[in-house]
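Enquirer:
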Amino acid sequence: MFKVSTTKFSQKDKPLRSCLYFFQAYPIMATSKFETLCIILLGLGQMCIMTGYDSQSFVQESVIYSISDRHPTLINHLAGYYGQAVIYASFMITCIFAPALVFAITSKWALFLSAVCFTIFETVYLYLNNYTYYTACLIVGFGLGIYYTAGGAYLASHSTRRTIEKNSAYSWSLMCLCLFIGSVILAIIIGYYAGKQQHTNFVDNLSVNPKHRTFNDKEIRCMYAAFAAISMGGTILFALLPKRSVDDCIEDKRDMVTTSFTGRLGVTFETFTDKRMLMLAPLFLYSGLFTPFWVTVYPTSLLFTHTLDGSLYLPAFYSLAVGSGEVLMGTFVGAMSRRIKNFGLKPTMYIGTTLSIIALAIITASVPKTATYEPTSEDAWLLRPSLPLAIATAILLGLVDSCMNNVKTVMCALAMPGCRTHAFAVSRFYQGSSGTIVLFLSPYMSIYCYTALFGFTLLLTLFTFLRVVKQILRTEKDSQRCGQSTKEKDVERDFKKEFEH
């Protein structure tokens, strides 16, 4: 039996006593409360490190463009897109060996390591040039690969088959609070320097030039210093995560007996060729296309549109709107998953697909053709760009992203019951590969290229997804009919292959 320390404290040390009791009580906490605590801490840690990463992505290309305008020899004006492509390439390669690394150092410390990488990336903007920037992109790409694999592994080790959909939705909603915090940071800093501009005549100050929104050097340093400080808070939260898994969790079983690094790499490569993972590849590829689009491409097109130059707080409003959509949909899916069995599968996918089509139609009609890669004064196809329309579209994008990420997380947990962590890594590999390609091509792609590509990929994704869901539900039904639990079925399915590694 675990015992809580009985060390005596004075009255003024009461907060310290409460904190010590809280963390020493991990081992004796009831399973349901312990599971909830782990999911909350995971979500809050993710919220901290993604506050800086997601928020800076909204303005990254515009920030780089502004620096290049003032210091042409320091960095290329399209380095924002190229840097994101390097991040995704590093992320893609890391996903191959990430499962082996996660099991070597545990998911908790892998999350801690990833948070350190995010902090380094944001700190580099204080001393930006071509060399430091692209090196930092490689580092944060590595951190992303570890982060997503370790996050999926920690979620699986602290969820059961009954709670995985709910926990996935709630942890995602907590993480997406980062967009609210990011919007507040952006609004405060932008507002401060906008007010300062009105009382000074320095050329270095913030300006909204006739072509596009620019950022001055002090403003950039202030933003990224704040983002780095919050990411540091994420490293602390990940260091405090409990290690103990919950009873009857859906954690990987093959890695419990596969102890060698090469053996785990073998399991990863075997997961690549699994029929279900191949069928789910369009879903992962679509996610890799969609994520950099709403994080980088679309907000950049808003900042490059001359009609919206007067919207000073546009980056903050965009972050707030996307975050609202993410949290609302995550909360909705989590609540419905408690009431309707398998709501996180087909129903969520149908909702996400419908909202995707609506959002893409609005974007196609309201974004000028070349605004994705250069400042422009040209008109959009049908709708005049405006702040309310941009905010409404951002909310839709947040709703869609939440749906797709919940579906993807649940499918990785269910499609490969014997090696879930490897399934998470493979899904991110596909996501990274498509993201890398689209970001390298972004400086040459108009808005119509994106929407045509998304439309085709989305239809293919829906078709293959429904087939895999049908197979999974049939397998679970057959397992229950034979009187076997899901856990027993997983072990039986993978027992023979254990000795091959």
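Last residue of the sequence shown: 501 (the UniProt record's numbering), numbering continuous. Glycine is no exception: its CB is placed at the ideal position from the N, C-alpha and C atoms. Just so we're clear, the structure is a prediction, and the values are computed from it rather than from any experiment.
Just checking my contact of Ala98 with Ala425 at CB under 8 Å: how many whole Å lie between their CB atoms?
Expert: 5 Å
Enquirer: Going by other Cβ atoms of all chains shown within 10 Å of its Cβ, with 16 needed for buried, is Ala264 buried or exposed?
Expert: Ala is not the amino acid found at residue 264; the sequence shown has Arg there. Arg264 comes out buried.
Enquirer: Rounded to whole angstroms, what's the CA-CA distance from Leu280 to Asp54? Just pull it up for me.
Expert: 26 Å
Enquirer: Under 8 Å by Cβ, that's how I've got Met329 and Cys403 pegged, so tell me the actual separation to the nearest angstrom.
Expert: 6 Å
Enquirer: So within the stretch 145-178, which uninterrupted alpha helix (DSSP H) runs reach at least 4 residues, ignoring any that extend past its ends?
Expert: 164-175
Enquirer: Near Arg481, which residues of its chain fall below 6 Å by C-beta distance, leaving aside the five closest residues on each side in sequence?
Expert: none
Enquirer: In terms of residue numbering, what span does the alpha helix (DSSP H) encompassing Pro338 cover?
Expert: Note that residue 338 corresponds to Arg in the displayed sequence, not to Pro. Counting along the chain, the alpha helix (DSSP H) containing Arg338 begins and ends at Leu314 to Arg339.
Enquirer: Which full runs of the alpha helix (DSSP H) of 4+ residues lie inside the stretch 338-413, going along the chain?
Expert: 346-366
Enquirer: Alpha carbon to alpha carbon, how far is Ala104 from Ser159?
Expert: Each residue's alpha carbon lies about 21 Å from the other.
Enquirer: What does a CB cutoff of less than 6 Å around Leu399 pick up in its chain, not counting 5 residues either side in sequence?
Expert: Gly325, Met329 and Leu355, listed in sequence order.
Enquirer: Thr214 by DSSP, collapsed to three states: which one?
Expert: coil
Enquirer: Nearest to Ser386 by CA position, among Ile340, Asp309 and Phe440, is which residue?
Expert: Taking only the C-alpha atoms, the option nearest Ser386 is Asp309.
Enquirer: Can you tell me which of the three DSSP states Thr273 falls into?
Expert: Three-state result, Thr273: coil.
Enquirer: How far does the alpha helix (DSSP H) with Pro99 in it extend, from its first residue to its last?
Expert: That run of the alpha helix (DSSP H) goes Ala79 to Val124.
Enquirer: Return the residue from the list Phe293, Phe118 and Ala423 that minimises the CA-CA distance to Ile230.
Expert: Phe118
Enquirer: From the DSSP output, in three-state form, read off residue 506 for me.
Expert: Given that the chain is displayed from residue 1 to residue 501, the structure contains no residue 506 and the question cannot be resolved.
Enquirer: With distances taken from CA atoms, which of Ser442, Thr331, Val333 and Val295 is nearest Tyr318?
Expert: Val295
Enquirer: According to DSSP, simplified to helix, strand and coil, what is Cys482?
Expert: coil
Enquirer: At a cut of 8 Å, does the stretch 297-311 reach the stretch 173-181 through at least three beta carbon pairs?
Expert: no
Enquirer: Leaving out five residues on either side along the sequence, give the residues of the same chain with a beta carbon under 7 Å from the beta carbon of Phe22.
Expert: Model confidence at Phe22 stands at a pLDDT of 47, short of 50, so the residue's coordinates are unreliable; what they give is reported in the following sentence. No residues qualify anywhere along the chain.
Enquirer: Applying the criterion that 16 or more other CB atoms from any shown protein chain within 10 Å of the CB defines a buried residue, is Trp381 buried or exposed?
Expert: It is exposed - the Cβ of Trp381 has fewer than 16 other Cβ atoms within 10 Å.
Enquirer: Assuming contact is defined by CB atoms lying nearer than 8 Å, are Thr376 and His306 in contact in what I supplied?
Expert: yes
Enquirer: Indicate whether Gly43 and Tyr170 have their beta-carbon atoms separated by less than 8 Å.
Expert: yes
Enquirer: Glu122 and Ala228: beta carbons closer than 8 Å?
Expert: yes
Enquirer: Against chain B, does Asn76 count as a neighbour if the rule is that its beta carbon must be under 8 Å from one of theirs?
Expert: No chain B appears in the structure shown, which is made up of a single protein chain.
Enquirer: Is the stretch 409-416 touching the stretch 151-168 in the sense that three or more CB pairs, one from each, lie closer than 8 Å?
Expert: yes
Enquirer: Taking the C-alpha atoms as reference points, what is the distance between Leu37 and Ala156?
Expert: 14 Å
Enquirer: Quick check: what's the CA-CA separation for Gly288 versus Leu473?
Expert: 26 Å
Enquirer: Can you check whether the CB of Ser442 is closer than 8 Å to the CB of Tyr81?
Expert: In contact: Tyr81 and Ser442 (Cβ atoms closer than 8 Å).
Enquirer: Can you tell me the Cα-Cα spacing of Ala226 and Val469, whole angstroms?
Expert: Inter-residue distance for Ala226 and Val469 is about 43 Å (C-alpha atoms, whole angstroms).
Enquirer: May I have the straight-line CA-CA distance separating Tyr350 from Phe215, to the nearest angstrom?
Expert: So the alpha carbons of these two residues sit roughly 40 Å apart.
Enquirer: Take Val124 and list the residues in its own chain whose beta-carbon comes closer than 7 Å to its own, dropping the five residues that flank it on each side.
Expert: Thr132, Tyr133 and Ala136
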